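Residue 3 is where the sequence shown starts when you use our numbering, and the numbers rise one by one after that.
First up is the structure itself, then whatever we jot down about it.
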Amino acid sequence: MPSPAVVIGVDSSTQSTKAAFIDAGTGEQLAVGRAPHVVTGEAGARESDPEIWWRALCEAVAAGLKESGLPASTVTGIAVAGQQHGLVVLDRAGRPLRPALLWNDTRSAPQAAALTEALGGPEAWTARTGSVPVASITASKWQWLRENDPASAADAAGVRLPHDFLTERLAGVAATDPGDASGSGWYSTATGAYDPELLDLLDLDAALLPEVAPTGAARIGSLTEAAAQALGLPAGIAVAAGTGDNMSAAVGLGLGGAGLLDHPALSLGTSGTVFAASRTRSTSPALNGFAAADGTYLPLACTLNCTLAVDKVAALLGLDREDAAPGGEAVLLPYLDGERTPDLPTASGLLTGLRHDTTRQQLLGAAYEGAAVTVLRATDELLSACGLDPAAPEVAARPLRLIGGGAQGRMWVETVRRLSGRPLVIPGSGELVALGAAALAASAAGGGDPVALATAWQQSGTDRQLPPVERDTETWERVTSVLERASEPLLGG
3 MPSPAVVIGV DSSTQSTKAA FIDAGTGEQL AVGRAPHVVT GEAGARESDP
53 EIWWRALCEA VAAGLKESGL PASTVTGIAV AGQQHGLVVL DRAGRPLRPA
103 LLWNDTRSAP QAAALTEALG GPEAWTARTG SVPVASITAS KWQWLRENDP
153 ASAADAAGVR LPHDFLTERL AGVAATDPGD ASGSGWYSTA TGAYDPELLD
203 LLDLDAALLP EVAPTGAARI GSLTEAAAQA LGLPAGIAVA AGTGDNMSAA
253 VGLGLGGAGL LDHPALSLGT SGTVFAASRT RSTSPALNGF AAADGTYLPL
303 ACTLNCTLAV DKVAALLGLD REDAAPGGEA VLLPYLDGER TPDLPTASGL
353 LTGLRHDTTR QQLLGAAYEG AAVTVLRATD ELLSACGLDP AAPEVAARPL
403 RLIGGGAQGR MWVETVRRLS GRPLVIPGSG ELVALGAAAL AASAAGGGDP
453 VALATAWQQS GTDRQLPPVE RDTETWERVT SVLERASEPL LGG
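Below is the structure:
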């Protein structure tokens, strides 16, 4: 029996790289290779060496190829989906000049505020880019770099997002896609191009930026001889433009023009992210009005504190992450890294409602509740931006697709289910970002719409379906009340 044609979808996240080997015909996951990243920094700083990402990609591909047992000659294409917003500055040889500033580096909050004011306020920004500058957006980080490391900014011969950097290493071509570019703060979703006025405001030369491919599935080149040798793959295979991790997850879920529109997905990872594919370009200041990888739009809201913050609380309490109970009277807002939604970049955690009979398990449960309410409030804002009433019965009946590492945890699932009152779907494929990237690679190698491909790949009966339960409005209102009454000084904002 001949070996199947294989594509590789790479998920280069904050903490690690995963390389999924996917049967291009059936969507079967044949193997997944993994390799860790290193993140450094304190007091708001979060940095990572891009060379570590490249080494991790090489290690993950090698591990996946070994696990699959297939000859390298079966691989026909590769695509990278990467963590969004990171700032990578390169020298003329394509080497990083310094560690990358990551999406959750909050030091650029003052620069974000100054940029917002300089253009005329939030609405002026969303009319162009779809998003208001916050500390996580790349444009804010570029301004921080210019002010705090001017030598690196002045010496930059290339400015890239994380996935752009890796794609360039694969194909030797400086390219990005509209999806990831729309998270930079200098790409206009209104015009589908870099915005010259914003580049002037940022004193950023357009010649330093990668060319924007039409979609994340566009073939932007072929695997170079040098990259092929590093990866152990055949030179000349298709390299897709790739995209950001959230855009790739949407493709993997079958959300897009050839699939489901205006259906929310909630990703529980280091960050809490909610998004939906839409034909409508969002200009709501409450959201990030991103472009999608397939030519539609991807309105998105992101919270900084999700699984990692709750795990930190569990560690402080000396508990396993699943050893939790509903929080009782306690309310814990686990804003350990500042917060993005709501926009409180210098916030710290807040605990209130502590009683003599409060248990450690309830405190951990309160951390789950605080994180879940924060991201579920963002879900309601997202649906409103799509022109939907979150409280309408037909909208509330739409399943919430739960993905990310938290979707595999009992306590996360129970908390989201209890506080949302919505039906939940937990997809059978656990590597949706990598699956979406593989669909982009398959499209680049052989044609076809990537969302349609990913939809066809989904195996029926593998999704976990959870019916709705009665919403815990008492806890919802208690947490919401604290969040709305807590002043910025109290939160450290």
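Using N, Cα and C, we set each Cβ at its ideal position, and we do this for glycine too.
Predicted model only: the values in this text are computed from it and were never measured.
For residue i, tell me which candidate among the options has the shortest Cα-Cα distance.
i: residue 1; options: 357, 364, 309; result: This structure does not reach residue 1, given that the chain is present from 3 up to 495, and the question cannot be answered.
i: residue 286; options: 303, 295, 271, 279; result: 303
i: residue 115; options: 145, 323, 95; result: 145
i: residue 384; options: 216, 60, 284; result: 284
i: residue 363; options: 325, 139, 135; result: 325
i: residue 281; options: 269, 270, 295; result: 295
i: residue 101; options: 91, 227, 109, 247; result: 91
i: residue 238; options: 268, 225, 229; result: 225
i: residue 288; options: 338, 59, 124, 456; result: 124
i: residue 343; options: 126, 274, 201; result: 274
i: residue 471; options: 486, 411, 408, 399; result: 399
i: residue 104; options: 118, 87, 165, 113; result: 87
i: residue 47; options: 107, 83, 329; result: 107
i: residue 40; options: 27, 355, 54; result: 54
i: residue 473; options: 166, 371, 428; result: 371
i: residue 233; options: 267, 250, 168; result: 168
i: residue 257; options: 277, 244, 246; result: 277
i: residue 413; options: 366, 73, 440, 305; result: 366
i: residue 512; options: 52, 70, 83; result: Since the first residue shown for the chain is 3 and the last is 495, residue 512 is missing from the structure and cannot be characterised.
i: residue 7; options: 49, 74, 392, 51; result: 74
i: residue 209; options: 177, 231, 216; result: 177
Identify, in the order they occur along the chain, each residue of the same chain with its Cβ nearer than 7 Å to the Cβ of residue i, setting aside the five sequence neighbours on each side.
i: residue 1; result: With the chain covering 3 to 495 only, the question about residue 1 has no answer from this structure.
i: residue 171; result: 56, 229
i: residue 223; result: 173, 174, 175, 241
i: residue 406; result: 269, 270, 271
i: residue 307; result: 336, 337, 338, 339, 341, 373
i: residue 358; result: none
i: residue 389; result: 282
Could you pull the DSSP bridge partners for residue i from this structure?
i: residue 36; result: 20
i: residue 304; result: 275
i: residue 402; result: 426
i: residue 292; result: 300
i: residue 267; result: 277, 403
i: residue 213; result: 177
i: residue 79; result: 9, 240
i: residue 49; result: 42, 103
i: residue 341; result: 346
i: residue 1; result: In this structure the chain extends from 3 to 495, so residue 1 is not present and cannot be described.
i: residue 189; result: 196
i: residue 25; result: 8
Give every residue of the same chain whose Cβ lies closer than 6 Å to the Cβ of residue i, excluding the five residues on either side of it in the sequence, and list them in chain order.
i: residue 21; result: 10, 12, 35, 62, 63, 66
i: residue 374; result: 417, 418, 421
i: residue 442; result: 81, 218, 219, 242, 452
i: residue 459; result: 29
i: residue 426; result: 402, 404, 419, 468
i: residue 240; result: 79, 221, 446, 447
i: residue 387; result: 284, 286, 289, 301
i: residue 436; result: 11, 13, 20, 22
i: residue 5; result: 72, 76
Quick one: residues in its chain with C-beta nearer than 8 Å to the C-beta of residue i, no 5 flanking neighbours on either side, listed in chain order?
i: residue 120; result: 203
i: residue 205; result: 148
Report buried or exposed for residue i, applying the criterion of at least 16 other Cβ atoms within 10 angstroms of its Cβ.
i: residue 97; result: exposed
i: residue 467; result: exposed
i: residue 483; result: exposed
i: residue 505; result: The structure shown has nothing for residue 505, since the chain only spans 3 to 495.
i: residue 207; result: exposed
i: residue 1; result: As shown, the chain starts at 3 and ends at 495. That puts residue 1 outside it, with no answer to give.
i: residue 25; result: buried
i: residue 433; result: buried
(message) Using a Cβ distance threshold of 8 Å, determine whether the region 31-48 contacts the region 192-205, with at least three qualifying pairs required.
(response) No, the region 31-48 does not touch the region 192-205.
(request) Spell out a yes or no on whether the region 247-266 and the region 147-158 are touching, meaning 3 or more CB-CB pairs, one atom from each, closer than 8 Å. (result) Contact fails between the region 247-266 and the region 147-158, because fewer than three Cβ pairs, one in each stretch, are under 8 Å apart.
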